[in-house]
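One structure is given below, encoded as structure tokens.
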Amino acid sequence: MNEPGVTETTESGIPENAVPENAVPADRRLTVRRLWKVNHLRAEGIDPYPLGYTRDASASEIHDRCAGLEPDTRTGETAAVAGRLMNLRRLGRLVFGVLQDYSGRVQLFADEQGLGGRFAGFGELDGGDWVWARGEVITTRRGEPSVHVSDYALLAKALRPLPAKWHGFKDKERRFRRRELDLLVNPEARRIVEVRAGVVSELRRQFEGRGFVEVETPVLQLQAGGALARPFETHHNALGIDMYLRIATELHLKRLVVGGMERVFELGRVFRNEGMDARHNPEFTTLEAYQALADYRDIMRLVEEVFEAAAQRAAGSARLTYQGRPVDLRPPYRRAPMLELVGEALGSPVFPSTPPARMRALAEQAGVETDPAWGFGKLVEQVFDRLAAPRLWDPTFVIDHPVEISPLARCHRSVEGLVERFELYIAGSEHADAFTELNDPIEQRARFQAQAAARAAGDLSAHPLDEDFLRALESGMPPTGGLGIGVDRLVMLLTDQRNLREVVLFPHLRPEQPLR
RNA sequence: GGGCCUGUAGCUCAGUCGGGAGAGCAGCGGACUUUUAAUCCGAAGGUCGCGGGUUCGAUCCCCGCCGGGCCCA
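Take the first sequence: its letter number 191 is residue 191 in the numbering used here, and every next letter is one higher.
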């Protein structure tokens, strides 16, 4: 980026074009000195980004080796450590540094006895630099486990400063936009990443352990089906056709069941072109699973076991605290028919046979806004979402939804107008959605046609008619239980977070104006 | 989409009932051979989110826009 003698230089000898274009003026000021050091090292033939240095001990291993040692002890053992320099305290002819690696932090102790002529250079390191250091493992007079540096190297120069060490890095917007700094200085951010990895790993283990085969289905689709949501649109240049990013994995997974894959699951990202807030990111992670010869009751038991195991893995216990209130994820979970919950919320019983006009009047009476286009099912759903769902704290399977809002679920075996479906609610949030799958191709086509009518009437999230899927059903899908789990929300629950963005590494934000 | 709050130094935040801006930490110069939020001394560092309006004068008041947070839909 800077060839000496080729570019104009400033008074300080720093090439004018060496400062990143997008650094705001104040940032430049802090960056210029570090750039000067980089150029100075290069002028001396030292690569500020060298290769070839290896580590033989982690920060935590240094602490382990010093466990129980008296202050001011020399172990006679040598160790080579590497990590990011988080702090540097210069005390005249002594320098104390704090090195952070994947395992934790360890102190570097530098003096002229250890470094001789290279001592002054050590003090020129900056917070944020990646540093390699080798020396004797000791404890200082205050008892701090340390490496008494006898050799060191700059591994990578940091041109930008670290966030302040004491007041921290708290501004949510900056934390999410500069997630790498957030992870560097906020241990809680790292903890969430690790818990999430554990939860995902446990989910895989649970399904694999039950004989489910993990598969990957297309993200780019000709039609976005399997859920009721608006998709992202894109374009395939070679084929000259518009395509969509998937909103669910459901339809392809069912086609696999038709193909004899009797237990399949997919853990993956889906995309919905809708609002973003504390509980919704435009892309999120779901686990969908399909099991032949099962129904939604079997899936309920499966979900109970999986959620308990995930909590055990993430939190060490299925009895957790979320936002200050206890949540017990040990089975069995309450089973509550949706119409009963809605009837309770309205103070008047509701049945599948309740006329839509009556349902609308009850909803309005309860203060729930309605749309004239809505039928019975949509009205029930709206009342449930507004009045009943927020009150469901303990794990609850809300069961038996109106058929109108469940175009892919099988009709209830004993109640007309309902389907065999459940949604799992915990702490007021939906965590899973499952049904006994509709496997009658003739009825499925009729359901799609009803959705097409809704779409024609202006409902942009109505389900499209998918001929490929219908053709598969026409080849015969066995009775099947299907399930979707919202992985991000599960991680929120298990890490006690109320903002989805805390559990997604790089949540979507509006583009920032000036880059900094 | 609506309501409330918010945007000031690299970070965390004060502040001006309108007279043109401050602290701590970081950074810079100096002192210091046991610090770990080191300490002490010194000198710096700002388009007060952006645009417009009112005013002799706006970081402050008004309007619009942009970003963010919380709550509601």
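Ideal Cβ placement from N, Cα and C applies to all residues, glycine included.
Since this is a predicted model, take the numbers as computed values, not measurements.
The alpha helix (DSSP H) spanning Ala311 covers which residue range?
Its alpha helix (DSSP H) spans residues 296-315.
Report yes if the CB atom of Glu245 is closer than 8 angstroms to the CB atom of His463, and no otherwise.
Looking at the sequence shown, residue 245 is not Glu but Leu. The answer is no: Cβ separation not under 8 angstroms.
Do Met492 and Phe397 have their beta-carbon atoms positioned less than 8 angstroms apart in this structure?
For Phe397 and Met492, no; Cβs fall outside 8 angstroms.
Roughly how many whole angstroms lie between the Cα atoms of Arg263 and Arg455?
Answer to the nearest angstrom: the Cα atoms are 33 angstroms apart.
For Asn237, does the three-state DSSP call read helix, strand or coil?
Note: Asn237 maps to coil in three-state DSSP.
Note down the Cα distance separating Asp47 from Ile138, rounded to an integer number of angstroms.
C-alpha separation (whole angstroms): 30 angstroms.
Mind checking whether Arg601 and Glu214 have CB atoms under 8 angstroms apart?
The question about residue 601 has no answer, for the chain in this structure spans 1 to 516.
Does the Cβ of Val380 lie closer than 7 angstroms to at least one heavy atom of the ligand SAM?
The ligand SAM is absent from the structure shown, which contains no ligand whatsoever.
Under 6 angstroms Cβ to Cβ from Ala517, same chain only, skipping five residues before and after it: list those, please.
This structure leaves residue 517 out entirely; the chain is present only between 1 and 516.
Thinking C-alpha only, which one of Thr217, Glu194, Asp242, Asp101 is nearest Ser60?
Nearest C-alpha to Ser60: Asp101.
If distances are taken between C-alpha atoms only, which option among Ala189, Gly143, Arg174, Ala153 comes closest to Pro163?
Checking every option, the nearest Cα to that of Pro163 belongs to Arg174.
Let me check one thing: in DSSP terms, what residues is Pro48 bridge-paired to?
In the DSSP output, where bridge partners are listed per residue, Pro48 has none listed.
Starting from Leu154, follow the beta strand (DSSP E) in both directions and report where the run begins and ends.
Leu154 -> beta strand (DSSP E) spans 145-156.
What's the gap between the Cα of Leu460 and the Cα of Val504?
Computed Cα separation, rounded: 27 angstroms.
Lys533: buried (16+ other C-beta within 10 angstroms of its C-beta) or exposed?
Because residue 533 is not part of the residues shown, which for the chain are 1 to 516, the question remains open.
Would Thr249 and Thr217 be called neighbours here (beta carbons separated by less than 8 angstroms)?
In this structure, Thr217 lies closer than 8 angstroms to Thr249 by Cβ.
DSSP three-state call for Ala248: helix, strand or coil?
Of the three classes helix, strand and coil, the one that applies to Ala248 here is coil, per DSSP.
Give the range of the alpha helix (DSSP H) segment to which Leu115 is assigned.
Looking at the DSSP string, the run of the alpha helix (DSSP H) that includes Leu115 is 112-115.
My output table needs one value for Asn39: the three-state DSSP class, helix, strand or coil.
Helix at Asn39.
Identify which residue in Leu362, Pro337, Ala357, Pro356 has its Cα closest to the Cα of Ser348.
Taking only the C-alpha atoms, the option nearest Ser348 is Leu362.
Can the beta-carbon of Ala427 be found closer than 8 angstroms to that of Gly481?
Contact: no.
Can you tell me where the beta strand (DSSP E) with Phe435 in it begins and where it stops?
Start and end: 429-436.
Which term fits Arg84, buried or exposed, when burial requires 16 or more other beta carbons within 10 angstroms of its beta carbon?
Answer is buried; the Cβ neighbour count reaches 16.
To which residues of the same chain is Glu21 closer than 8 angstroms at the C-beta, ignoring the five residues directly before and after it?
Note on Glu21: pLDDT 46, under 50, position unreliable in the model; no value is reported.
Taking the DSSP output, what are the residues bridged to Glu61?
None, per the DSSP bridge assignment.
Determine the DSSP secondary structure at Glu77, reduced to helix, strand or coil.
Of the three classes helix, strand and coil, the one that applies to Glu77 here is strand, per DSSP.
Tell me Pro326's beta-bridge partners as DSSP assigns them.
Bridge partners of Pro326: Thr321.
What residues in its chain sit with their C-beta under 6 angstroms from that of Leu69, if we drop five residues either side in the sequence?
Around Leu69: Thr139.
Do you know offhand how far Asp400's Cα is from Pro479's?
Approximately 17 angstroms, taken between the alpha carbons.
Going by beta-carbon coordinates alone, are Leu470 and Gln444 separated by less than 8 angstroms?
Yes, Cβ-Cβ distance for Leu470 and Gln444 is below 8 angstroms.
In whole angstroms, what separates the C-alpha of Glu502 from that of Pro352?
Roughly 40 angstroms between the two C-alpha positions.
Tell me whether Glu288 sits in a helix, a strand or coil according to DSSP, three-state version.
In the structure shown, Glu288 sits in a strand (DSSP, three-state: E or B).
Check whether the Cβ atoms of Pro507 and Leu473 lie closer than 8 angstroms to each other.
Cβ distance not < 8 angstroms, so Pro507 and Leu473 don't count as in contact.
Count the other CB atoms, across all protein chains shown, that sit within 10 Å of the CB of Thr54; report buried if there are 16 or more and exposed otherwise.
So Thr54 counts as exposed.
Counting only runs of 3+ residues fully inside the region 377-415, write out the beta strand (DSSP E) ranges in chain order.
If we require 3 residues or more, the beta strand (DSSP E) runs fully inside the region 377-415 come out as 396-399.
Tell me, please, which residues DSSP counts as bridged to Arg521.
The structure shown does not extend to residue 521, since the chain is modelled only from 1 through 516, so no value can be given for it.
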